[in-house]
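> Chains B and X are the protein sequences, given in the same order. Position one of the first sequence corresponds to residue 114 (my numbering), numbered consecutively onward. Position one of the second sequence corresponds to residue 2 (my numbering), numbered consecutively onward. Okay, here's the structure, questions in a sec.
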Amino acid sequence: MPVLPVSRGPLSAALLAALSGPAPGLDDAEALRDVAVPSPADPFADEDLQLALYCAYELHYRGLDGVDAAWEWSPALLALRGRMEAVFEAGLRALVPDVGPAPSAEDVDLAIREIAAEDAPGLSQYLQRSATIDQYREVLVQRSAYQLKEADPHSWAMPRLYGAPKAALVEIQADEYGGGRPERMHARLFADTMEALGLDSDYGAYLDRIPARALSTVNLMSFFGLHRRWRGAIIGHLALFESTSSIPNGRYAAGLRRLGRDDEAAVAFFDEHVEADAVHENLATVDMAGGLIRQDPSLAGDVLFGARCLAELEGAWTGEVLAAFEAGRSSLLHPLERTPVAA
Amino acid sequence: MSDETRITAYRDGPLVVRGPFRLEDQDGGEIDPGREVVALCRCGRSRIRPFCDGSHKLVRFSAPSTREDRRIAARPAD
Ligand code: FES
Ligand SMILES: [Fe+2]
Ligand SMILES: [Fe+2]
Numbered sequence: 114m115p116v117l118p119v120s121r122g123p124l125s126a127a128l129l130a131a132l133s134g135p136a137p138g139l140d141d142a143e144a145l146r147d148v149a150v151p152s153p154a155d156p157f158a159d160e161d162l163q164l165a166l167y168c169a170y171e172l173h174y175r176g177l178d179g180v181d182a183a184w185e186w187s188p189a190l191l192a193l194r195g196r197m198e199a200v201f202e203a204g205l206r207a208l209v210p211d212v213g214p215a216p217s218a219e220d221v222d223l224a225i226r227e228i229a230a231e232d233a234p235g236l237s238q239y240l241q242r243s244a245t246i247d248q249y250r251e252v253l254v255q256r257s258a259y260q261l262k263e264a265d266p267h268s269w270a271m272p273r274l275y276g277a278p279k280a281a282l283v284e285i286q287a288d289e290y291g292g293g294r295p296e297r298m299h300a301r302l303f304a305d306t307m308e309a310l311g312l313d314s315d316y317g318a319y320l321d322r323i324p325a326r327a328l329s330t331v332n333l334m335s336f337f338g339l340h341r342r343w344r345g346a347i348i349g350h351l352a353l354f355e356s357t358s359s360i361p362n363g364r365y366a367a368g369l370r371r372l373g374r375d376d377e378a379a380v381a382f383f384d385e386h387v388e389a390d391a392v393h394e395n396l397a398t399v400d401m402a403g404g405l406i407r408q409d410p411s412l413a414g415d416v417l418f419g420a421r422c423l424a425e426l427e428g429a430w431t432g433e434v435l436a437a438f439e440a441g442r443s444s445l446l447h448p449l450e451r452t453p454v455a456a
Numbered sequence: 002m003s004d005e006t007r008i009t010a011y012r013d014g015p016l017v018v019r020g021p022f023r024l025e026d027q028d029g030g031e032i033d034p035g036r037e038v039v040a041l042c043r044c045g046r047s048r049i050r051p052f053c054d055g056s057h058k059l060v061r062f063s064a065p066s067t068r069e070d071r072r073i074a075a076r077p078a079d
């Protein structure tokens, strides 16, 4: 379980202070009413807001060390989370004001592919060609906010679906979770890569170093995943995620090999994603997203909205990391110690 | 799970195989896919053939999902 992080402003300070005490009763929805939620111009770059939201969501995953489990369903906390989500959602709507014409079940794969084609290869190309091992380690730390619970946010969608799109989602997730072999679970493969590069693979170990933009990409999935009304968006998110994975992961692996890291532990996560996501992409766009729209054409706009939101937040994140690397800066809030030199 | 094997041709992409199957080289040696559902490259550009690695998108591979017919109409006999 992650330990409580250090606060990044008044909102996260108030939330974390509350979480270190007992949860208020179920009849107390007002306990956090006086905690102010800011409305920054760019909510996705706001450290205070993204950290607070990340912690609120974490209660639904593996929890936070030392936090009363009753907080998960505290009406007071849900009310505060709802106010944070309103800011988050308004930010998304500002980024993606219009998704254009809603695709049919038969051509949603083309619509998703079109969004995927806009995916800027900047970061994966940089890693392939020029990154140092320390920059790789930073990217792993950034990604650990999601990858150590890889696939979990999309699993929230399962009970909200039925029939063909559900079968496709489960088919994908079974693979994400290692097909019955815990050592092949993608989150485990990611942990192995972290360890191979001298990092701590404990869940949440680096939370204090991970900037808002990386947290926002995880909050996006939790937001869509935890609200049934956004089931179209979480499906669209996964469809695009799977469609923008094989090629970048191939580049990530190539960069590690360029740096002399061809060992299984270091590269298995990336190699696995090249192959797995070449399968998942088809299931996710045609069978899952197409299947959902066939059942309920009114969700087609949400499917594209989810995909577009992913493209926006991911693009902003990779842009920030790349800018830091190109300027010779650390991309983290607090840099790591340099790679321990092998004796 | 059904014991029927299904092979689906995805538009502009691979052939996805589901169900029981054995993949082998021409000498009968097994090629272990390491997963239940596999994607077989049909664009020819993958770097991990016979599996698809997504390269079909980079090369803008185009093929219908249904059966293709590009046979040139026979010239009328004279
Ligand atoms: S069909 Fe995907 S790489 Fe050839
Ligand atoms: Fe994965
Ligand atoms: Fe995947």
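All C-beta atoms, glycine included, are put in the ideal place defined by N, C-alpha and C.
1) Please say whether VAL38/X and ARG7/X have beta carbons closer to each other than 7 Å?
2) Taking buried to mean at least 16 other C-beta atoms within 10 Å of its own C-beta, is ASP70/X buried or exposed?
3) Taking 7 Å as the threshold (beta carbon to beta carbon), is SER359/B in contact with chain X?
4) Can you find a CB in chain X that lies within less than 7 Å of the CB of VAL221/B?
5) If HIS393/B sits next to ASP288/B, beta carbons under 8 Å apart, how far is it from one beta carbon to the other, in whole angstroms?
6) To which residues does DSSP link GLU5/X through a beta bridge?
7) Looking at chain X, which residues of the stretch 275-293 of chain B have a Cβ within less than 8 Å of any of its Cβ atoms?
8) Pick out whichever of LEU302/B, ALA258/B, ASP390/B, ASP321/B has its Cα sitting closest to the Cα of THR330/B.
9) Taking 7 Å as the CB-CB limit, is VAL60/X close to chain B?
10) I think SER133/B touches GLY179/B, with their Cβ atoms under 8 Å apart; what is that distance to the nearest whole Å?
11) Where are the alpha helix (DSSP H) runs, 4 residues long or more, that stay fully inside the stretch 238-292 of chain B, in chain order?
12) Identify whether LEU16/X lies in helix, strand or coil by the three-state DSSP scheme.
13) Mapping the DSSP letters down to three states, classify GLU450/B as helix, strand or coil.
14) Please report how far the alpha carbon of MET401/B lies from the alpha carbon of PRO210/B, in whole angstroms.
15) Alpha carbon to alpha carbon, how far is GLY464/B from CYS44/X?
16) Can you find at least 3 beta carbon pairs, one from the stretch 170-187 of chain B and one from the stretch 363-378 of chain B, that sit closer than 8 Å?
17) CB-CB under 6 Å to PRO74/B, same chain, minus the five flanking residues each way: which ones, in chain order?
18) The stretch 47-58 of chain X: which residues have C-beta closer than 9 Å to a C-beta of chain B, in chain order?
19) When you get a sec, list the residues whose CB is within less than 7 Å of any heavy atom of ligand 3, chain order please.
20) From the DSSP output, which residues share a beta bridge with LEU41/X?
21) Under 8 Å Cβ to Cβ from LYS297/B, same chain only, skipping five residues before and after it: list those, please.
22) Is the beta carbon of ARG50/X sitting closer than 7 Å to the one on CYS42/X?
23) Specify which residues have a beta carbon nearer than 7 Å to any heavy atom of ligand 1, listing them in chain order.
Let me lay it out:
1) The residue given as residue 7/X occupies position 6 in the second sequence. The residue given as residue 38/X occupies position 37 in the second sequence. No, Cβ-Cβ distance for ARG7/X and VAL38/X is not below 7 Å.
2) Looking up residue 70/X in the second sequence gives position 69. It counts as exposed.
3) As a position in the first sequence, residue 359/B is number 246, starting the count at 1. For SER359/B, the answer is yes, since a Cβ of chain X falls inside 7 Å of its Cβ.
4) Position 108 of the first sequence, counted from the start, is the residue given in the question as residue 221/B. Cβ-Cβ to chain X under 7 Å: no for VAL221/B.
5) Here residue 393/B refers to the residue found at position 280 when the first sequence is read from its first residue. Here residue 288/B refers to the residue found at position 175 when the first sequence is read from its first residue. Between ASP288/B and HIS393/B the Cβ distance is about 7 Å, and since that is below 8 Å, they are a contact.
6) Here residue 5/X corresponds to residue number 4 of the second sequence, with the count starting at 1. Looking at the DSSP assignment, GLU5/X forms no beta bridge with any residue, so it has no partner.
7) GLU284, ALA287, ASP288, GLY292
8) Here residue 330/B is taken as the residue at index 217 of the first sequence, counted from 1. Ranking the options by Cα distance to THR330/B, first place goes to ALA258/B.
9) Locating residue 60/X in the second sequence gives position 59, where the first residue counts as 1. So no, VAL60/X is outside the interface.
10) For the purposes of this step, residue 133/B is taken as residue 20 along the first sequence, with counting starting at 1. For the purposes of this step, residue 179/B is taken as residue 66 along the first sequence, with counting starting at 1. With 8 Å as the limit, SER133/B and GLY179/B qualify as a contact, their Cβ atoms being about 7 Å apart.
11) 246-260, 265-268, 276-289
12) Indexing the second sequence from 1 puts residue 16/X at position 15. Three-state result, LEU16/X: strand.
13) Counting from one through the first sequence, the residue named residue 450/B turns up at place 337. Looking at GLU450/B - three-state DSSP - the assignment turns out to be coil, as it is neither helix nor strand.
14) Locating residue 401/B in the first sequence gives position 288, counting from the first residue. Locating residue 210/B in the first sequence gives position 97, counting from the first residue. Those two C-alpha atoms are separated by around 25 Å.
15) Shown here, chain B extends from 114 to 456; a query on residue 464/B therefore has no answer.
16) no
17) The structure shown has nothing for residue 74/B, since chain B only spans 114 to 456.
18) SER47, ARG48, ILE49, PHE52, CYS53, ASP54, GLY55, SER56, HIS57, LYS58
19) ILE285/B, ASP288/B, GLU289/B, GLU355/B, SER358/B, HIS386/B, ALA389/B, ASP390/B, HIS393/B
20) Walking along the second sequence from the start, residue 41/X turns up at place 40. In the DSSP output, where bridge partners are listed per residue, LEU41/X has LEU16/X, PHE52/X.
21) Locating residue 297/B in the first sequence gives position 184, counting from the first residue. Here the sequence assigns Arg to residue 297/B, which means Lys is not the residue at that position. GLY291, GLU385.
22) In the second sequence, counting from the first residue as 1, residue 50/X sits at position 49. In the second sequence, counting from the first residue as 1, residue 42/X sits at position 41. Yes. Within cutoff.
23) ALA391/B, GLY14/X, PRO15/X, ALA40/X, CYS42/X, ARG43/X, CYS44/X, GLY45/X, ARG46/X, SER47/X, CYS53/X, ASP54/X, GLY55/X, SER56/X, HIS57/X, PHE62/X
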